[in-house]
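Written below as structure tokens is the structure these notes are about.
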Amino acid sequence: MFLSVFFFLTGKLREMLPLHINQKLRKKEMGEENKVTLYGMWASPFVRRVKIALKIKGIPYEYVEEDLRNKSQFLLQYNPVHKKVPVLVHNGNPIAESLIILEYINETWKNGPKILPEDPFERAKVRFWADFLQQQFLDSLRSATKSSGEAHEKAMKDVFEKLTVFEEGTEGFFPNGTPHFEGENLGFLDIVLCSLFGSHKVGEEALAMKIIDPERHPLIHSWVTAMNELPVVKETLPPHDKMVSFIQSLRGNSLD
Amino acid sequence: MAEEEVKLFGTWVSPFSRRIEVALKLKGVQYEYIEEDLTNKSPALLNYNPVNKQIPVLVHNGKPVAESLVIMEYIDETWKHNPILPADPYERAMARFWAKYIDEKFCAAARKIVVAKGEEQKGEIDEIQQQMKNLEGELKEKKFFGGESLGFLDIAANIIIWLVVGQEALGMDQILNEEKLPVLHGWLHRLLDDAVFKECVPPKDRHLDLFKVKFGSSIASK
């Protein structure tokens with residue numbers, strides 16, 4: 001009896017919710033098992049990582065485009081701590097932070113290519129370098145984006161130095177020196193690199209400067225070029241002109 | 257059985273280094289500990305971690321692993337008994353999420369508190385208290401974040417002890433106390449009571465003294 005009262009009351013309360021949320025809740029309760037939803041934004045490299053991983057694993061999903069200036073109730077509910085994209089929702093459970101989502105995808109869907117290597121030491125290496133790009137490299141890049149004049153020059157020098165550290169540190173990753181990919185077997189670090197530098201030509205056009213110079217950073221350049229040939233990478237590439245305008249406006253806004 | 261050589265490069269007062277000690281002890285792994293002087297880093301450390309030149313570094317059979325959370329995952333995957341991370345992928349994601357939150361948000365706020373003054377400092381204290389409330393939401397009524405025994409997030413959250421010692425050293429004990437954060441306060445006491453964990457915190461008096469020396473003058477001048 002208590003249960004029936006409970007359901008009656010929650011039913012009544014639910015009727016007071018806006019219609020579209022009510023409908024969504026009903027859909028959830030109708031046993032949408034294994035449903036995967038990705039909340040994202042078209043230009044975000046972090047969201048792109050998750051799209052690539054889902055495609056590699058062949059996981060069907062619903063994509064929800066967020067307007068980051070007007071975040072949806074769902075996003076704020078699913079990622080109350082950071083209020084950011086990407087958020088992956090699987091069986092109603094939300095996971096935030098792109099690298100954590102990649103690990104989750106790898107551990108949950110065991111069929112298909114492995115995103116992380118099996119050997120613990122190899123895993124530690126890719127996690128270390130992904131963390132390097134995510135923390136140290138991006139911090140430098142943010143400083144460079146927000147500065148102008150001499151400070152900007154200095155910050156860009158730091159950005160290139162970090163790229164060199166990465167280049168030198170990952171030298172031994174490809175047995176015969178040249179990055180080469182079988183089918184669509186991109187791994188954790190490949191995905192991170194691709195998301196950050198895959199569209200480097202777009203960034204270079206938008207900002208009128210070289211970011212990944214084949215002479216300065218031949219390994220990163222050939223690595224990214226090899227990945228850009230793969231269908232899974234081409235399919236997740238944001239539209240070129242839209243991206244150029246977007247990067248230009250970001251740079252403009254961050255200097256205000 | 258192959259000879260296993262495990263070395264840990266660390267310092268007595270680094271929470272990141274102490275995390276690795278907890279993980280190794282929980283797994284019963286024998287290791288050699290090397291105390292580093294960070295003002296005069298050893299050639300071995302610089303060789304094993306040329307990128308960041310920081311501790312902790314774990315060296316297993318000559319192979320180095322750096323970054324404390326990366327090391328913890330490595331330890332869990334190499335010595336599979338007494339798991340540190342839960343088995344369920346979603347719970348693993350949550351443990352990783354909150355550990356990252358601590359390393360990024362909590363550490364940044366804690367650093368700002370000691371250097372900020374007046375209203376700005378108050379703002380940072382409010383921020384860190386909100387962060388700890390968020391962590392309480394993850395702990396709920398569990399004994400530890402890992403459930404009945406210590407897990408990945410309990411180890412990563414060790415840095416909260418550094419906040420507690422710091423606030424005591426600097427006479428600022430209104431940041432984390434039983435009244436404001438009862439759930440976390442209870443967890444802290446259970447943590448410090450744990451047989452393994454309590455061996456892996458800096459000796460309190462020495463720790464208090466270090467805080468006073470490092471930050472005492474900046475606080476006194478407010």
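Quick note, the sequences are listed as chains A and B, same order.
The first sequence lines up with residues 1 to 256 when you count with this note's numbering.
The second sequence lines up with residues 257 to 478 when you count with this note's numbering.
Glycine included, every Cβ here is placed at the ideal spot set by N, Cα and C.
Please look up how many angstroms separate the CB atoms of residue i and residue j, rounded, as I've assumed it's under 8 Å.
i	j	result
A:G64	A:L88	Checking the sequence shown, residue 64 of chain A turns out to be Val, not Gly. Wrong, their Cβ atoms sit about 11 Å apart, outside the cutoff.
B:E291	B:G266	7 Å
A:I187	A:G112	Before going on, a small fix: residue 187 of chain A reads as Gly here, not Ile. About 13 Å separates the two Cβ atoms, so there is no contact after all.
B:F362	B:Q387	5 Å
B:L426	B:G472	7 Å
B:E380	B:A365	6 Å
A:I56	A:V232	6 Å
B:A279	B:I340	6 Å
A:G198	A:M227	6 Å
A:L189	A:W129	5 Å
Reducing DSSP to helix, strand and coil, say where residue i ends up.
i	result
B:Y287	coil
A:F160	helix
A:Y104	helix
B:P320	strand
A:Y63	strand
B:V278	helix
B:K263	strand
B:P342	coil
B:L444	helix
B:F467	helix
B:M257	Model confidence at B:M257 stands at a pLDDT of 42, short of 50, so the residue's coordinates are unreliable and nothing is read from them.
A:L88	strand
B:F408	helix
B:F353	helix
B:F401	coil
B:W418	helix
B:G393	helix
B:Q385	helix
B:S477	Note that B:S477 has pLDDT 46, beneath the 50 cutoff, so the model's placement of it is unreliable and no number is given.
B:L325	helix
B:I431	coil
A:G183	coil
A:A43	coil
B:V439	helix
A:F174	coil
Quick check: what's the CA-CA separation for residue i versus residue j?
i	j	result
A:V126	A:D158	22 Å
B:V307	B:D450	35 Å
B:L282	B:I415	18 Å
B:F271	B:V457	At residue 271 of chain B the sequence reads Pro, which differs from the Phe that was named. Approximately 8 Å, taken between the alpha carbons.
A:E97	B:R348	13 Å
B:K368	B:I417	17 Å
A:I101	A:E153	35 Å
B:I276	A:D213	39 Å
B:S477	B:L391	At B:S477 the pLDDT is 46, less than 50, meaning the model places this residue with poor confidence; the figure from the coordinates comes in the next sentence. C-alpha separation (whole angstroms): 32 Å.
B:F401	A:E107	21 Å
B:D465	B:A300	29 Å
A:S245	B:V321	41 Å
B:I311	B:E435	35 Å
A:M41	A:V85	7 Å
A:F46	B:V420	35 Å
A:N91	A:A151	47 Å
A:I211	B:H463	45 Å
B:G403	B:W443	11 Å
Between the options, which lies nearest to residue i when the distance is taken from Cα to Cα?
i	options	result
A:Q248	A:W129, A:A208, A:F166 and A:K35	A:A208
B:Q423	B:L264, B:V370, B:E383 and B:L406	B:V370
A:A144	A:E161, A:P113 and A:P239	A:E161
B:L406	B:P320, B:K378, B:N338 and B:N296	B:N338
B:L325	B:K389, B:L432 and B:K356	B:K356
A:Y39	A:M227, A:D67, A:Y104 and A:N185	A:D67
A:N34	A:N93, A:M41 and A:S140	A:N93
A:L219	A:I52, A:V165 and A:A151	A:V165
A:A53	A:F74, A:S44 and A:Y104	A:Y104
A:L250	A:D190, A:L141, A:L99 and A:P117	A:L141
In the DSSP assignment, find the beta strand (DSSP E) that holds residue i and state where it starts and stops.
i	result
A:T37	V36 to G40
B:G316	Going by the sequence as given, residue 316 of chain B is His instead of Gly. Segment V313 to H316, the beta strand (DSSP E) holding B:H316.
A:H200	Careful: A:H200 lies outside any beta strand (DSSP E), inside the alpha helix (DSSP H) at H200 to L207.
A:A96	N93 to A96
Would you say residue i faces chain C, with C-beta separation under 8 Å as the test?
i	result
A:E171	No chain C is present in this structure, whose protein chains are A and B.
Determine the extent of the alpha helix (DSSP H) in which residue i is found, giving its start and end residues.
i	result
B:K368	C363 to V371
A:V244	H240 to S254
A:A226	P218 to N228
B:P306	No alpha helix (DSSP H) holds B:P306; DSSP gives it neither H nor E.
A:L116	Note, A:L116: premise wrong, no alpha helix (DSSP H); not H, not E.
A:I211	First-last for A:I211: undefined, no H or E at that position.
B:L294	Taken as a continuous stretch (DSSP letters only), B:L294 belongs to no alpha helix (DSSP H), as it is neither H nor E.
A:R142	L138 to K146
A:S72	Segment: none, A:S72 is in no alpha helix (DSSP H) and carries neither H nor E.
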